[in-house]
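Okay, so here's the structure we're looking at.
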Amino acid sequence: MNRIVVLGSSSGMPDPERACSSILIEAGDKSYLIDAGEGCASSILRHKIDPFKIKQVFITHTHADHCIGIFMLVQMMHLLENKESIEIYLPEEAVFWFENMFDALYLFKEKLSCKFELKPITHDFLFKDENLSLRAHLNRHLMSNKEFISEENLPNKMESYSFGLDLGGERIFYSSDIADLQDIENLIEEADLLFCESTHINVEELLELVKRKKVKKTILTHIPEELEVREDELIKTAKEMEYENLKFAFDGLRINLS
Ligand SMILES: [Zn+2]
Ligand SMILES: [Zn+2]
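Per numbering that gives the first Met the number 0: the sequence shown = residues 0 to 257.
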């Protein structure tokens, strides 16, 4: 049976009860990590996940709450003397910066017990193995920086992705951070499960969208404090709209798939 474990469900703001964005997919005899926000390594231990099974990590964009945990994850793998190799996929623009950052942290590839490789996610990225297919969909989340990047002549390319997954025939969509619902509205039709961020969207509008698109189950994550306190109210609103399958993520939430 395949399974998803939420390792981090907070928004960009650190939270005493939640790690930053990260979910783990267990399929076959492997695990895959999607996003590696701050605290993901300790969350792996807290929720009794076998870190040795993680073979691929996919990072959606390089905001710290989605990627900064990768350094501690690699450090942990090294200290655990994990001899396996890990592929770390991240937006193409960031591969060079991350290579340098690992060196800056004295996590020299050649000296670590665990081997890791940084690989680019490009606009037509598709990962496929015996358990999982994952397609990247460029979104507009980082586009608000366009003017500043251009004025300052910075190399940033504003690469930010949502992921569409097929896991043993189940269609799962991971929005990660988006600019607004337009970024995902044509990608979630009849999805079995939608993980949607809840910081940059309006939840009532999302409910209308998932109902219209016949999304079977929606889990809100990337939860800001102001939304956390509205959980009961929004679950009630969803029921009134005859959408029974809305759930708020929490760290340690386990979702069994077929
Ligand atoms: Zn974020
Ligand atoms: Zn972000």
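Using N, Cα and C, we set each Cβ at its ideal position, and we do this for glycine too.
Let me know the secondary structure DSSP gives residue i once reduced to three states.
i: asparagine 255; result: strand
i: glutamate 207; result: helix
i: arginine 299; result: Nothing in the structure corresponds to residue 299, since the chain is present only between 0 and 257.
i: glutamate 189; result: coil
i: leucine 117; result: strand
i: proline 154; result: coil
i: glutamate 25; result: strand
i: tyrosine 246; result: Checking the displayed sequence, the identity of residue 246 turns out to be lysine instead of tyrosine. In this structure, lysine 246 counts as strand in the three-state DSSP scheme.
i: cysteine 66; result: helix
i: lysine 110; result: helix
i: valine 5; result: strand
Any Cβ of chain C within less than 9 Å of the Cβ of residue i?
i: isoleucine 120; result: Of the chains in the structure shown, none is chain C; there is only one protein chain.
What are the start and end residues of the alpha helix (DSSP H) that includes residue i?
i: alanine 40; result: 39-45
i: leucine 226; result: 224-227
i: aspartate 102; result: 94-103
Taking the beta strand (DSSP E) that residue i falls in, what are its first and last residues?
i: isoleucine 148; result: Per DSSP, isoleucine 148 belongs to no beta strand (DSSP E); it is in the alpha helix (DSSP H), 145-151.
i: glutamate 230; result: Per DSSP, glutamate 230 belongs to no beta strand (DSSP E); it is in the alpha helix (DSSP H), 230-239.
i: isoleucine 53; result: 53-57
i: proline 90; result: 84-90
*asked:* Pairs of beta-carbons, one from the segment 150-168 and one from the segment 122-142, closer than 8 Å: are there three or more?
replied: yes
_Three CB pairs or more closer than 8 Å across the segment 107-123 and the segment 2-16_ = no
*Specify whether the segment 163-170 and the segment 195-207 touch according to this definition: at least 3 beta carbon pairs, one from each stretch, less than 8 Å apart.*
no
*Counting Cβ pairs, one atom from each stretch, are 3 or more of them under 8 Å apart for the segment 231-239 and the segment 20-31?*
Taking 8 Å as the limit for Cβ pairs, the verdict is that the segment 20-31 does not touch the segment 231-239.
_Measuring CB atoms only, is the segment 182-195 touching the segment 94-102, in the sense that at least three cross pairs come out at less than 8 Å?_
no
*Are the segment 61-75 and the segment 37-47 touching, with three or more C-beta to C-beta distances below 8 Å?*
yes
*Evaluate the contact criterion for the segment 47-63 versus the segment 204-213: three or more CB pairs, one atom per stretch, below 8 Å.*
Contact fails: fewer than three Cβ-Cβ distances are below 8 Å.
_Contact shell at 5 Å, judged by CB to any heavy atom of ligand 2, ordered along the chain_ = Near ligand 2, residues with a Cβ at less than 5 Å from any of the ligand's heavy atoms are His62, Asp176; the list follows chain order.
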